[in-house]
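J.: Have a look at this one.
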Amino acid sequence: MAAEIVNPRSDSEAGAEQGAGVEALDSFDPAFALHRGGKMAVQATVPVRDKEDLSLAYTPGVAKVCSAIAEQPDLVHDYTWKSSVVAVVTDGTAVLGLGDIGPEASLPVMEGKAILFKQFGGVDAVPIALNCTDADEIVETVVRLAPSFGGVNLEDISAPRCFEIERKLQERLDIPVFHDDQHGTAVVTLAALRNAARLSGRTLGELRAVISGAGAAGVAIAKMLVEAGIGDVAVADRKGVVSADREDLTPVKQELASFTNKAGLSGPLEAALAGADVFIGVSGGTVPEPAVASMAEGAFVFAMANPNPEVHPEVAHKYAAVVATGRSDFPNQINNVLAFPGIFAGALQVRASRITEGMKLAAAEALAAVVGDDLAADYVIPSPFDERVAPAVTAAVAAAARAEGVARR
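Counted from 1, the sequence shown has number 366 at position 366 by UniProt numbering; the numbering is strictly sequential.
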């Protein structure tokens, strides 16, 4: 019979030690201190000061509102928070650059996303981290949660499941479903590229782009650039350029090959960069300096991996006319917060049933226009703190929704 191991410390002693450890983290790193207790809370918008307030906010007054919504379901938009709240949904499989860290570890990011919705778009958001990774289970779960929300923002779900999940949810729901890792990145990238082209006196149609990374962001950027009229775009994954003659392509990459790479390029990323006008990095890794040097004169380098860009700005500036990254400590930050708050605010404002390609293109155009006459090599995209951004994007998206017939007010 094995001996029983007993912890001689009491529960209170263990708890005190754990508390001391947390306090040590707080004092060691301000990020821990800021996150203590979480970054958000629920706040009432009506007072409950006395018996009369209580009878209106809850029973019996609330029953009248419930009965009215039961008879006229559309009233839910007017008498609840539904039309101004978004579910931020993840399974924790592709969190930032940390990878598959699970739902609990994803919560600080989802809370962060929610406060960005509020800060930059005036949109309430609720973090929802799901303890499942099966695509159909995620879809069924979100469908069941949907009556409480006016929109769904999918976040940090790994490819290729993210494509299937978004498609199936939009087919089953009549509210906007938006995977920000795909479309938010694409909108901001297109806006910056429009301005870079304008700065150089060229149009998108005159540019050949190469994207490093065929995951969620890379596929969405390629689709949006083609929609916007890019001259040509090739996408490279770990095995080289995605081309129709490859026999190892997933269904998503087969579709990608069908509308990209008109030049018929093959081989490694470095070969595709020779003579290219634009490099867009959403993959991580490092692009060798000779490959950057082989790009066309006056090229644009958007190296967006975080925290380590695929091409360090010091290297990129040797050869490129415009350099952008995903980092806040360099000019021209490609930051999704420039897009998703305004996109959802515009969609919710008109009770859109979905977010269309036209709405995303309108968001990119509005975002690019904010820069206006201040356009410069180190200013092709506005700051997230520019107060003009969210209103401009919101108005453009709402107008596009009405034009495309998906607005319900």
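Positions of the beta carbon are idealized from the N, C-alpha and C atoms, including for glycine.
Bear in mind the structure is a predicted one, so any value in this text is a computation, not a measurement.
Who are the Cβ neighbours of Glu164 in its own chain at under 6 Å, not counting the five residues just before and after it?
T.: Ala135
J.: Apart from the five residues just before and just after Ser353, which ones in its own chain have a Cβ nearer than 6 Å to its Cβ?
T.: Asp174 and Val406
J.: Hey, would you say Ala87 sits closer than 8 Å to Asn153, going by beta carbons?
T.: yes
J.: Is Ala403 near Gly346, with beta carbons less than 8 Å apart?
T.: Result no, Cβ atoms of Ala403 and Gly346 do not sit closer than 8 Å.
J.: For Glu13, does the count of other Cβ atoms within 10 angstroms reach 16, so buried, or fall short, so exposed?
T.: Any reading at Glu13 must be qualified, since the residue scores a pLDDT of 46, below 50, and its modelled position is unreliable; the value itself is stated next. By the neighbour-count rule (16 or more Cβ atoms within 10 Å), Glu13 is not buried but exposed.
J.: Kindly list the residues whose CB is nearer than 6 Å to the CB of Ala398, restricted to its own chain and excluding five residues on each side of it in sequence; keep chain order.
T.: Around Ala398, the same chain offers Gly346, Gln349 and Val350 as residues with beta carbons nearer than 6 Å, after the five sequence neighbours per side are excluded.
J.: Thinking C-beta only, is Glu357 closer than 8 Å to Glu227?
T.: Here Glu227 is near Glu357, since their CB atoms are less than 8 Å apart.
J.: DSSP on Ser212, reduced to helix/strand/coil?
T.: strand
J.: Mapping DSSP to helix, strand and coil, what is Thr250?
T.: coil
J.: Look at the alpha carbon of Asp378 and the alpha carbon of Tyr58, and state the distance between them as a whole number of angstroms.
T.: 54 Å
J.: Keeping to the same chain, check which residues put their C-beta closer than 7 Å to that of Thr133; ignore five residues upstream and five downstream.
T.: Asp91 and Thr93
J.: Using 8 Å for Cβ pairs, my map puts Phe259 next to Ile280. What's the rounded Cβ distance?
T.: Beta-carbon to beta-carbon, Phe259 and Ile280 are separated by about 16 Å, too far to satisfy the 8 Å threshold.
J.: Please return the same chain residues whose Cβ sits closer than 7 Å to the Cβ of Glu160, not counting the five positions on each side in sequence.
T.: The amino acid occupying residue 160 in the given sequence is Pro; Glu does not appear at that position. Only Thr250 and Val252 meet the Cβ criterion.
J.: Here's the rule I'm using: 16 or more other beta-carbon atoms within 10 Å means buried, otherwise exposed. How should Ala276 be labelled?
T.: By the neighbour-count definition (other C-beta atoms within 10 Å, threshold 16), Ala276 is a buried residue.
J.: If you drop the 5 nearest sequence neighbours on each side, which residues of the same chain put their C-beta closer than 6 Å to that of Glu289?
T.: Answer for Glu289: Val315, listed in chain order.
J.: Using three-state DSSP, classify Asn195 as helix, strand or coil.
T.: DSSP places Asn195 within a helical segment (H, G or I) once states are collapsed to three.
J.: What does DSSP give as the partner residue(s) for His179 in the beta ladder?
T.: Leu154
J.: Indicate the three-state DSSP secondary structure (helix, strand or coil) for Thr45 in the structure shown.
T.: coil
J.: Quick one: give me the first and last residue of the beta strand (DSSP E) that Ala129 is part of.
T.: In the DSSP assignment, Ala129 falls within the beta strand (DSSP E) that extends over Asp124 to Ala129.
J.: Going by DSSP in three states, Asp78 sits in which element: helix, strand or coil?
T.: Looking at Asp78 - three-state DSSP - the assignment turns out to be helix.
J.: Which term fits Arg409, buried or exposed, when burial requires 16 or more other beta carbons within 10 angstroms of its beta carbon?
T.: Under a 10 Å Cβ-count criterion, Arg409 is classified as exposed, with fewer than 16 other Cβ atoms of the shown protein chains found around its own Cβ.
J.: Does the separation of the CB atoms of Gly121 and Phe330 fall below 8 Å?
T.: no
J.: What are the residues that DSSP puts in a beta bridge with Ala303?
T.: Gly281 and Thr325
J.: Look at the alpha carbon of Leu199 and the alpha carbon of His317, and state the distance between them as a whole number of angstroms.
T.: 16 Å
J.: Would you decide whether Pro127 is buried or exposed? Buried here means 16 or more other CB atoms lie within 10 Å of its CB.
T.: buried
J.: Mapping the DSSP letters down to three states, classify Phe237 as helix, strand or coil.
T.: What sits at residue 237 in the sequence shown is Asp, not Phe. Asp237: strand per DSSP, three-state reduction.
J.: In the DSSP output, which residue or residues are listed as bridge partners for Gln72?
T.: According to DSSP, which records beta bridges pairwise, Gln72 is partnered with nothing at all.
J.: What three-state label does DSSP hand Val287 in the structure shown?
T.: It is coil, neither helix nor strand.
J.: According to DSSP, is Gly358 part of a helix, a strand, or is it coil?
T.: helix
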